[in-house]
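Respectively, the protein sequence lines represent chains Z and P.
For this note's numbering, add 78 to where a residue sits in the first sequence, where the first one is 1.
For this note's numbering, add 37 to where a residue sits in the second sequence, where the first one is 1.
The block underneath contains the structure these notes are about, expressed in structure tokens.
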Amino acid sequence: MREIRILSPTAILGYGFPEESFREGLKRRPDVIAVDAGSTDPGPYYLGAGVSFTDREAVLRDLRLIIRAGRELNIPVLIGSAGGSGAEPHLMWNLDIIREIAEKENLSFKLAVIHAEIHKQIVLDALNSDRTRELPCGLPLCREDVTGSTHIVGQMGTEPFIKALEMGADVVLAGRAYDPAVFAAVPIMMGFDAGLALHMGKILECAAIAATPGSGSDCMIGYLHEDCFLLEPLNTVRSCTVTSVAAHTLYEKSNPYLLPGPGTLIDLRNTVFSQYNPTMVRVSGSRMIPAPVYTIKLEGAQKAGYRTVSIAGARDPVFINQVENIIEGVRARVKDNFAGIPAERYRLLFHIYGKNGVMEELEPQKNITSHELGIIIEAVADSQELANTVCSFARSTMLHYGYRGRISTAGNLAFPYSPSDFKAGEVYRFSLNHLITVEDPCSLFPIELTDIKEGQGWK
Amino acid sequence: MEVKLTDIASVIRSKNAGPYELTLDIIFNDREWYDKVRRAQVISRRLISELYRIPDHHILDIIEFEPAAAIKITVRRPMISGDIGDSDVYGAQQHAPLLGIKFKLPE
């Protein structure tokens, strides 16, 4: 019976894992160590600004253990969505970490770097030849979305990873990738069933989150057979149960039966989850349906301004009762005071915790029942200076605003900090979340192969 | 018999499904409760529309997922994740209105 074992150390590179769990994984002689480093969950800033949402020291710690183990066992190490968002700066940031590890640990290996930043002209050409498509709830792509983006990435499938491995890579560092791709690439290359390989990858990409108790910072191993796969958590405190694994299949997706990916659709309508032993779950019946046309998902972000926030609290019941009117009064004062500044240059927002700060317009509870409120005054403007100005003026106005029935005349707000205002810097928004049709699954993702020689990680 | 959703569901959660969508998962304690609720069609478009005060066409799907004894509701996000004015970038705290659901099931 053929079997391939894929070790997933952690849900996101840099989220960490206990060394004990990792050792347990290595004892099971994995054939591949694969890790996903990315997500769009933290929002558009990280892609737009070219910054990682994970910490360098934490990524270095995880990768040092992973790459060292990969070299000791002489098995491939695959890293997807480098630096979280997987654009060029994220990839280079992660490459720098790998070079540092290679030098410090005296390692030699063949490193493949797969780029995922998509040149704007490629997207514009696709737009002009009607090869782009919006996703549900999205708007059709327009030229400005593309030209205004600071970074655009494409989510690669398994094909570029397979190509890199065929070129002889021991370690593959990829830019933005479909989360399951790093886990499914080697099995698909070896001829295992793509539906099972991708479904297993879909679960392994979150490592032990699919176990109970779940954890985003603990290891999981998958055993892929010809007709099923098995999942085993590597920490004795965790178990995989039919419910924990099936529940994970729901996570972060709109339809759990049909999971679209680059060139593929994973069909779970006939999937069977069963308890293999007290800690392991067996999954069978998942199928891969090839997509009629091969599409890659594009993600892009563009600058939307600069932000300054001020954080305060309120405890006065008279103030709390009138907070809506007070906010309107403050808005009017800001507008009046800076009448010379066009309104479209800035936005002033109030997040009122204790009222509807978490759910805003979706909040069904309309009455304030809290004895205190948390208030974030937020200004977003076309320059940092203007954001500072608007936030500062709104904050001082709110502090001394003379509302009806006021008893507390010394100040309306409790500031936990001095300074009270924080420059949050550049603000980005998602500009692209669209599909692009391609002929060749590898064409958007150039691969470079580098020979890292012992002690020469930086060369 | 009147039933509280929190008494018969072990997981009630929300999360982004991409930057445009918010997905709400209700995972029942066991298959029996899942079946009862499913048969009674308690988790309806109308209920979600009322709870979240959103128009029907913002409810993209309500899917029953038997392997997890779960019902999944996907709605349109009021704004794209991380846009100026968004209050929950991950969409992880939009489930609370579901916690108060009570309904009558046939004996």
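From the three backbone atoms N, C-alpha and C, an ideal C-beta is built for every residue, glycine too.
With 16 other CB atoms within 10 Å as the buried threshold, where does residue i fall?
i      : result
P:S93  : According to the sequence provided, residue 93 of chain P is Asp. The question's Ser does not apply to it. Burial call: exposed.
Z:M229 : Before going on, a small fix: residue 229 of chain Z reads as His here, not Met. Z:H229 is buried by the Cβ-count criterion.
Z:S352 : exposed
Z:Q199 : exposed
Z:A255 : buried
Z:D140 : buried
Z:G116 : buried
Z:R83  : buried
Z:V250 : buried
Z:R385 : buried
P:Q78  : exposed
Candidates the options: which alpha carbon is nearest residue i's?
i      : options                        : result
Z:V224 : Z:V201, Z:P258, Z:R254, Z:E304 : Z:V201
Z:V396 : Z:E526, Z:Y479, Z:C469, Z:A325 : Z:Y479
Z:E357 : Z:A382, Z:T373, Z:S322         : Note that residue 357 of chain Z is Thr in the sequence shown here, rather than Glu. The option with the nearest alpha carbon to Z:T357 is Z:S322.
Z:S295 : Z:P519, Z:E97, Z:Y495, Z:N466  : Z:E97
Z:A194 : Z:I530, Z:P167, Z:R385         : Z:P167
Z:L189 : Z:I153, Z:A459, Z:L104, Z:Y354 : Z:I153
Z:I196 : Z:A180, Z:R101, Z:L251, Z:S227 : Z:S227
P:I31  : Z:Q443, Z:V350, Z:N333, Z:S496 : Residue coverage of chain P in this structure runs from 38 to 144, which leaves residue 31 of chain P outside it and unanswerable.
Z:N355 : Z:E456, Z:A325, Z:C318         : Z:C318
Z:E532 : Z:S461, Z:F131, Z:K182         : Z:K182
Output needed for residue i: all residues of its chain with C-beta closer than 6 Å, excluding positions within five of it in sequence on either side, in chain order.
i      : result
Z:I367 : L343, D345
Z:T210 : A204, L219, H512, I514
Z:L169 : A160, G253
Z:V516 : Y372, I374
Z:L337 : I344
Z:R411 : T475
Counting only the same chain and skipping the five closest in sequence on each side, list residues whose C-beta sits under 7 Å from that of residue i.
i      : result
Z:N415 : F471
Z:G489 : L477, H478
P:A129 : S51, K52
Z:D305 : S362
Z:A369 : G341, T342, L343
Z:G452 : G391, Y431, G432, G435
If I follow the unbroken beta strand (DSSP E) through residue i, where does it start and stop?
i      : result
Z:Q380 : 373 to 392
Z:L616 : There is simply no residue 616 of chain Z to check, as chain Z begins at 79 and stops at 537 in what is shown.
Z:V359 : 358 to 362
P:K41  : 39 to 41
Z:Y124 : No beta strand (DSSP E) contains Z:Y124, which is instead part of the alpha helix (DSSP H) from 123 to 127.
Z:D271 : From DSSP, Z:D271 is part of no beta strand (DSSP E); its letter is neither H nor E.
P:V112 : 107 to 113
Z:D203 : Element bounds for Z:D203: not the beta strand (DSSP E) but the alpha helix (DSSP H), 198 to 206.
Z:A112 : 110 to 114
Starting from residue i and walking both ways along the alpha helix (DSSP H), at which residues does that stretch end?
i      : result
Z:A325 : 320 to 328
Z:E244 : 237 to 244
Z:Q462 : 462 to 477
Z:D223 : 221 to 225
P:K73  : 68 to 77
Z:N399 : 395 to 399
Z:L337 : Here Z:L337 belongs to no alpha helix (DSSP H); instead the beta strand (DSSP E) covers 336 to 339.
Z:R482 : Counting along the chain, Z:R482 falls outside any alpha helix (DSSP H), and DSSP gives it neither H nor E.
Please work out which residues of its chain come closer than 8 Å, Cβ to Cβ, to residue i, disregarding the five sequence neighbours upstream and downstream, and give them in chain order.
i      : result
Z:P291 : V315, R316
Quick check: is any heavy atom of the ligand FAD less than 8 Å from the C-beta of residue i?
i      : result
Z:I454 : For the ligand FAD, the structure offers nothing, since it holds no ligand at all.
Just checking, does the region 271 to 278 of chain Z make contact with the region 359 to 367 of chain Z on the three C-beta pairs under 8 Å criterion? Verdict: yes, contact present.
Using 8 Å as the threshold, is the region 430 to 439 of chain Z in touch with the region 467 to 474 of chain Z, meaning 3 or more CB pairs across them? The region 430 to 439 of chain Z, when compared against the region 467 to 474 of chain Z, does not touch it at the 8 Å Cβ threshold.
Mind the definition here: the region 116 to 128 of chain Z touches the region 114 to 133 of chain P only if three or more C-beta pairs lie below 8 Å; say whether that holds. Touching, yes.
Is the region 283 to 301 of chain Z in contact with the region 87 to 94 of chain Z, if contact means three or more CB pairs nearer than 8 Å? Result yes; three or more Cβ-Cβ pairs closer than 8 Å.
Tell me, please, whether the region 370 to 377 of chain Z touches the region 420 to 431 of chain Z by the rule of three or more beta-carbon pairs shorter than 8 Å. No, because fewer than three Cβ pairs between the region 370 to 377 of chain Z and the region 420 to 431 of chain Z fall closer than 8 Å, the two stretches do not touch.
With a cut-off of 8 Å, do at least 3 Cβ pairs link the region 382 to 401 of chain Z to the region 491 to 504 of chain Z? Proximity of the region 382 to 401 of chain Z to the region 491 to 504 of chain Z meets the contact definition, three or more beta-carbon pairs being nearer than 8 Å.
Across the region 496 to 511 of chain Z and the region 452 to 469 of chain Z, are there enough close Cβ pairs to call them in contact, namely three or more that are closer than 8 Å? Enough Cβ pairs lie closer than 8 Å, so yes.
The region 135 to 151 of chain Z in contact with the region 523 to 530 of chain Z per 3-pair CB rule at 8 Å: No: the two stretches stay apart, fewer than three of their Cβ pairs being nearer than 8 Å.
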